[in-house]
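Enquirer: If you count by our numbering, then the sequence shown holds residues -18 to 174, one letter each, in order.
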Amino acid sequence: MSTHPHRAMVLAAGLGLRMRPITEHTPKPLVEVAGRTMLDRALDHLAAAGVTELVVNTHWLADRIAAHLSGRPGITLSHEEVLLETGGGVAKALPHLGEAPFYVVNSDIIWTDGATRALKRLADSWDDERMDALLLMQRTATAMGYDGQGDFFLDAEGVPRRRGDREVAPLLFSGVQILHPRLFRDAPPASSR
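#1: Which parts of the region 72 to 134 are runs of the alpha helix (DSSP H), unbroken and 4 residues or longer, counting only runs that do not cross its ends?
#2: May I have the straight-line CA-CA distance separating V(-9) from D128, to the nearest angstrom?
#3: Quick one, which of P162, R163, A124 has its alpha-carbon nearest P151's?
#4: How many angstroms separate the CA atom of R45 from the CA atom of L(-4)?
#5: Only counting the same chain, and skipping five residues up and downstream in sequence, which positions put a Cβ closer than 6 Å to that of Q119?
#6: Given this structure, state the Cα-to-Cα distance separating T18 from L11, to the nearest angstrom.
#7: Would the beta-carbon of V157 fall within 7 Å of that of V86?
#8: Using the Cα positions of D21 and V37, report the straight-line distance between them to the nearest angstrom.
#9: Starting from the N-terminal side, write out each stretch of the alpha helix (DSSP H) that is 4 residues or longer and does not extend beyond the region -9 to 45.
#10: Please state whether DSSP places R(-12) in a helix, a strand or coil.
#11: Quick test of your reading: I56 and L35, contact by CB under 8 Å. State the CB separation rounded to the nearest angstrom.
#12: Are G70 and A(-11) touching if we call contact CB-CB under 7 Å?
#13: Could you say which of F134, P162, R98 lies nearest to G31 if we only look at CA atoms?
#14: Report all residues from its chain with a CB closer than 8 Å to the CB of L164; omit the five preceding and five following residues, and keep chain order.
#15: Quick one: Cα of H49 to Cα of A43, how far?
#16: Using the three-state DSSP reduction, which class does M(-18) fall into: helix, strand or coil?
#17: Leaving out five residues on either side along the sequence, give the residues of the same chain with a beta carbon under 7 Å from the beta carbon of Q130.
#18: Going straight from the alpha carbon of R142 to that of G16, what length do you get?
#19: Mapping the DSSP letters down to three states, classify R163 as helix, strand or coil.
Written as structure tokens, this is what we have:
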């Protein structure tokens, strides 16, 4: 059974260390590529998928992201005084994400859609009875600008396996996924984050 999420979390709290000195004064999600910020590109994809409620986490240069997003409806900011990483950031934002599966999108990536939008393909593949998480993968051979060893292999049933230390995998995690809130059932309470 597939679902089409109407809520999403956009991860925008990173430090952008690999892009220094650009990110010393501009948060990485606000770096422009071809005249458009990476954050706006992610938000556009989510809007086209029918997402109406978003949580954007912030940390580094949070005031710049808040100012950039002011006036955009349906966005809740989740500020992290201490950087919580992906899982902690999502767990902290759960009260705003509801009880149904939701998208999680990295704000520092750029992707293009094929004939069918990536978020629609992901949502169409979701099976609420079998899945807590569904990751959008990209073939390393066709990932523009990628020069790594990949992240995952898929078995015959489509179940991913992380690559070992001495392996080269054909797929990488794109930074786009659907998560179910039950995945965070045993997360530490918000007071310890």
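The beta-carbon is built from N, C-alpha and C at its ideal position, and this holds for glycine as well. Model, not experiment: these values are computed from the prediction.
Expert: Inspection of the coordinates gives the following:
#1: As far as the region 72 to 134 is concerned, its whole alpha helix (DSSP H) runs of at least 4 residues are 99 to 106.
#2: Translated into positions along the sequence shown, residue -9 becomes position 10. Translated into positions along the sequence shown, residue 128 becomes position 147. Whole-angstrom Cα-Cα distance: 25 Å.
#3: By one-based count along the sequence shown, residue 151 stands at place 170. Of the listed residues, the one whose Cα sits closest to P151 is A124.
#4: Looking up residue 45 in the sequence shown gives position 64. Looking up residue -4 in the sequence shown gives position 15. Rounded to whole angstroms, the separation of the alpha carbons of L(-4) and R45 is 13 Å.
#5: For the purposes of this step, residue 119 is taken as the residue at position 138 of the sequence shown. Closer than 6 Å at Cβ, skipping near neighbours: L153, S155.
#6: Here the question's residue 18 lines up with position 37 in the sequence shown. Here the question's residue 11 lines up with position 30 in the sequence shown. As the crow flies, the alpha-carbon of T18 is around 5 Å from that of L11.
#7: Translated into positions along the sequence shown, residue 157 becomes position 176. Translated into positions along the sequence shown, residue 86 becomes position 105. Yes, the Cβ-Cβ distance between V157 and V86 is below 7 Å.
#8: Reading the sequence shown from its first residue, position 40 is the one you call residue 21. Reading the sequence shown from its first residue, position 56 is the one you call residue 37. About 12 Å.
#9: The DSSP assignment places 19 to 29 as complete runs of the alpha helix (DSSP H) inside the region -9 to 45, in order along the chain (cut-off: 4 residues).
#10: Residue -12 sits at position 7 when you count from the first residue of the sequence shown. When DSSP states are grouped into helix, strand and coil, R(-12) belongs to the strand group.
#11: Mapped onto the sequence shown, residue 56 falls at position 75. Mapped onto the sequence shown, residue 35 falls at position 54. Their Cβ separation, rounded to whole angstroms, is 5 Å, which keeps I56 and L35 in contact under 8 Å.
#12: Position 89 of the sequence shown holds residue 70. Position 8 of the sequence shown holds residue -11. No, the Cβ-Cβ distance between G70 and A(-11) is not below 7 Å.
#13: Reading the sequence shown from its first residue, position 50 is the one you call residue 31. Here the closest residue by C-alpha is R98.
#14: Start at 1 with the first residue of the sequence shown, and residue 164 comes out as number 183. So the list reads D113, A114, once near-sequence residues are dropped.
#15: Within the sequence shown, the letter at position 68 stands for residue 49. Within the sequence shown, the letter at position 62 stands for residue 43. Near 10 Å, if we compare the C-alpha coordinates of A43 and H49.
#16: Taking the sequence shown and counting its residues from 1, one reaches residue -18 at position 1. Because the pLDDT at M(-18) is just 46, under 50, the model does not fix this residue reliably, and the value given afterwards should be weighed accordingly. It is coil, neither helix nor strand.
#17: The count along the sequence shown starts at 1 and reaches residue 130 at position 149. Non-local beta-carbon contacts of Q130 in its own chain, meaning distances under 7 Å to residues more than five positions away in sequence, involve R144, V149, A150 in chain order.
#18: In the sequence shown, residue 142 corresponds to position 161, counting from 1. In the sequence shown, residue 16 corresponds to position 35, counting from 1. Cα-Cα distance, rounded: 37 Å.
#19: Residue numbering aside, residue 163 sits at position 182 when the sequence shown is read from its first letter. In the three-state scheme derived from DSSP, where H, G and I count as helix and E and B as strand, R163 is classed as helix.
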